[in-house]
Structure formats: structure tokens, C-alpha cells
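Novice: Using my numbering, read the sequence shown as starting at 47 and increasing by one per residue. For each residue, glycine too, the CB sits at the ideal point set by N, CA and C. Quick one: the structure is below, and I'll ask about it shortly.
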Amino acid sequence: MHSVKNRISIGETIAGNPIDIVTYTLSAGAKGKRLHIQSGMHGGEITYWVQHRLYKFLQENLKAGEVVFIPCANPASWDQRSYFYTFGKFDLYDGKDCNSHFPGKAEGTLHQRIAHELFTLAKQCDLGLDLHTARASKPYVIFTKEAYLPLVRDVGFKYNYMDDVVTPETAGSFDYAMDPAGIDNLCIECGSHDEHNAAKIEEVLGGILRLLARLDMIDKNLAPPAPADCYYFRDHKKILTRAAGFVRYDVKMGANFKKGDTLFTLHPSRDLGEEMPEIATEDGVMYKHAPTHIYRLGDETLHYVPKEWLVKL
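Structure representation (C-alpha cells):
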């Protein structure tokens, strides 16, 4: 096993300190596929735990090929911090999402340069994985093509999102560069923001190991079997608050609900004695909600998928 740690210089801070992307490459003795796995494009989205577990595992078990680990793909976003909250979701220079600059520019803005260096590495791989977290959620895959369905099934999460329509909001994401380059890629939402959850870490690790087994980079008996239930959806619905106040969620994350169930209860701050239950208008499943109990009028609360929109894999 051969291991290399490398630093890619992106620029420097106003104070003259370097801004580097740190990469780790594990190479097995035998030739094989190449996996690119990046995390931390947005500050506060901790997927470092998954990279750490996978790195330690593959130091002993990678039998063929090469894996490039980038645990903190966007170092600039992790310095956007206030009190205990790391909020690096947007480029403070141009206001754009940090994950909207791919394929990037070698001589562009800071985030364009970051995207360029990441894509320069990623376009040499056979499979690219972009790890994120999503509000308060359980792990799920975001993918862009029906051709990726076998990969999604191998990962094995229960609910997965096929986002195959490019909008101004999604243009410039990692897959926006990888798909035209003809390189298989998945975005894996590993759970909630700023979270350490051992069960979710193991669930994501298991999914990645199944992908590595598929690529014949590890022995197949090292990958846990995929769960039986696996679905995908191509659209979802969101519920906005009808008043400002405080929300208590009554449906658990990832749980199925029935028409007539109380999804959440809003306590409007305008009246200490008032409660506003949000009643489900159809059967469905909640797959994520905003990571707070504090809401203004018109804020997004939960995202759900109507039962009839779920497709079993």
C-alpha cells in the first residue's frame, strides 16, 4: 500500500497565509479503478467522519486501484464562522453557492480556482463522490441520470433523489462538470449539518464499500449487504410556515405518514396560548427539515415526498 499526502495551493489570505487543499491518495499494489471522494465543499457540513473511517479501512483492505481523499475540499468556507456556528454555504465575494463554480477557472475568483483544482483531480477518476449534509436528514443520494440507478441501488439508502433537471440554482455543481465529462458521479448527503451520528456514518460507509466492491477495488465479502428497501423520487414538496414562531415536529425523520396526521405544530409567537397544527393532505414520507425550531413567516419547514411519487429499485 502506498500513501501520499499533498497540498494544492489555491492562494493566500489577506494576512498572507496559504490557502491549501489537502489531499490523501491511497494506491494498492494492483492496478484498478480510481475513486475520487471529496467532502467539505460547504462549511458546517461535517462528512469528515466518513472519510476518516474509509481511509483507515482502506489502508488495510484496498486490493486494487487508487482512492483520492479530499476531506476539506473548500478550505475558505470553513473559516466563515460566528460563535459556534460554521455557516460557509455561500461565496462572500459574489453571493453564489460555494458548489456552483464547477468546472471552475484556473485564473478566476477564489472559489472558481478551488472548483478548477477539484475538477482537475476528479476528471482523472472512474467514479466521483461528492459528500455533503442536508439540513436535518437521514442519508440519501442525489443523482442526475437513470444510468446511475445501479450505483444508487448499491449504495442502498432507503430514499434517493433523482435531480435530472438543471436550473440556475443547480448549475455549476460538481455533477454539472462531471456528467459532460462522461464520468460517473453521485452526491451523497450523509445526514444532518454539524452532526456526529455513528449509525449514519456506518450507513454511508457501508454504501461506499458496496461501490468499491462493485469496482473490484475491495473484496466483495468486506462490503455489508444492501438493505432490501430502496426507492427514488424525482420531485418533492415543501411546507412553509403560516406564521412566525416555534415549530415542534410531530413526525420523525424518514417516517411514513398518512393523510390526516399532524406533521408539526407551530406555536405562533404572536399569541402565547395559540397552536397551529400542520395536517398532512396526503400520504408521504418526510426526508428532511430545516435544522431549527425557530421560524419566520414563509420559512421552509419540512420537505416530503408523496407516497405515489416513490419508485422502488
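Kindly indicate if chain C contains any beta-carbon less than 9 Å away from that of A110.
Specialist: Of the protein chains in this structure there is only one, and it is not chain C.
Novice: Got a sec? Which residues, its chain only, sit under 8 Å from Y277 by beta carbon, not counting five neighbours each side?
Specialist: The residue you call residue 277 lines up with position 231 of the sequence shown. If we look at Y277 and ignore the five residues flanking it on each side, its Cβ neighbours are K204, Y205, N206, L356, V357, K358, L359.
Novice: List the residues that DSSP assigns as beta-bridge partners of K358.
Specialist: Reading the sequence shown from its first residue, position 312 is the one you call residue 358. Beta-bridge pairing links K358 to Y277.
Novice: What whole-angstrom Cβ distance do T71 and I65 have, given they're in contact under 8 Å?
Specialist: In the sequence shown, the residue the question calls residue 71 occupies position 25. In the sequence shown, the residue the question calls residue 65 occupies position 19. So it is not a contact: roughly 20 Å between Cβ atoms.
Novice: Can you tell me whether R127 is helix, strand or coil according to DSSP?
Specialist: Counted from its first residue, the sequence shown places residue 127 at position 81. Of the three classes helix, strand and coil, the one that applies to R127 here is strand, per DSSP.
Novice: What three-state label does DSSP hand V96 in the structure shown?
Specialist: In the sequence shown, residue 96 corresponds to position 50, counting from 1. If DSSP states are grouped into helix, strand and coil, V96 belongs with the helices.
Novice: Could you check the C-alpha separation between C118 and D281 for me, to the nearest Å?
Specialist: For the purposes of this step, residue 118 is taken as the residue at position 72 of the sequence shown. For the purposes of this step, residue 281 is taken as the residue at position 235 of the sequence shown. Using only the alpha carbons, I get a separation of about 30 Å.
Novice: State the Cα-Cα distance for the pair T308 and Y131, rounded to the nearest angstrom.
Specialist: To locate residue 308, count along the sequence shown from 1; it is residue 262. To locate residue 131, count along the sequence shown from 1; it is residue 85. Rounded to whole angstroms, T308 to Y131 spans 31 Å at the Cα level.
Novice: Which two residues bound the contiguous alpha helix (DSSP H) that contains G253?
Specialist: Along the sequence shown, one-based indexing puts residue 253 at 207. Here the alpha helix (DSSP H) through G253 covers 244-260.
Novice: With DSSP as the reference, identify every bridge partner of L348, one or two as the case may be.
Specialist: Position 302 of the sequence shown, counted from the start, is the residue given in the question as residue 348. In DSSP, L348 forms a bridge with H335.
Novice: Opposite H82 in the DSSP bridges: which residues?
Specialist: Locating residue 82 in the sequence shown gives position 36, where the first residue counts as 1. DSSP lists V114, G174 as partners of H82.
Novice: Could you tell me which uninterrupted alpha helix (DSSP H) segments, each at least 4 residues in length, are contained entirely in the segment 132-208, listed from first to last along the chain?
Specialist: Correct list: 156-168, 195-201.
Novice: Determine the direct distance from the alpha carbon of K77 to that of P337, and round the result to whole angstroms.
Specialist: Along the sequence shown, read from residue 1 onward, the residue named residue 337 stands at position 291. Along the sequence shown, read from residue 1 onward, the residue named residue 77 stands at position 31. If you take the alpha carbons of P337 and K77, they lie about 43 Å apart.
Novice: Do D176 and D221 have their CB atoms nearer than 9 Å?
Specialist: To locate residue 176, count along the sequence shown from 1; it is residue 130. To locate residue 221, count along the sequence shown from 1; it is residue 175. Yes.
Novice: Thinking just about the alpha-carbon of each residue, which of F133, G111, F103 is nearest to the one in L261?
Specialist: Here residue 261 is taken as the residue at index 215 of the sequence shown, counted from 1. Closest option to L261, Cα to Cα, is G111.
Novice: Taking G57 as the reference, give the member of P214, L268, R159 with the closest Cα.
Specialist: For the purposes of this step, residue 57 is taken as the residue at position 11 of the sequence shown. Considering only alpha carbons, the answer is R159.
Novice: If I follow the unbroken beta strand (DSSP E) through M322, where does it start and stop?
Specialist: For the purposes of this step, residue 322 is taken as the residue at position 276 of the sequence shown. That run of the beta strand (DSSP E) goes 322-325.
Novice: Taking a contact to mean a Cβ-Cβ separation below 9 Å, would you say R127 touches F133 in this structure?
Specialist: To locate residue 127, count along the sequence shown from 1; it is residue 81. To locate residue 133, count along the sequence shown from 1; it is residue 87. In this structure, F133 lies closer than 9 Å to R127 by Cβ.
Novice: What does the alpha-carbon distance come out to for the pair A244 and W95?
Specialist: In the sequence shown, the residue the question calls residue 244 occupies position 198. In the sequence shown, the residue the question calls residue 95 occupies position 49. Whole-angstrom Cα-Cα distance: 9 Å.
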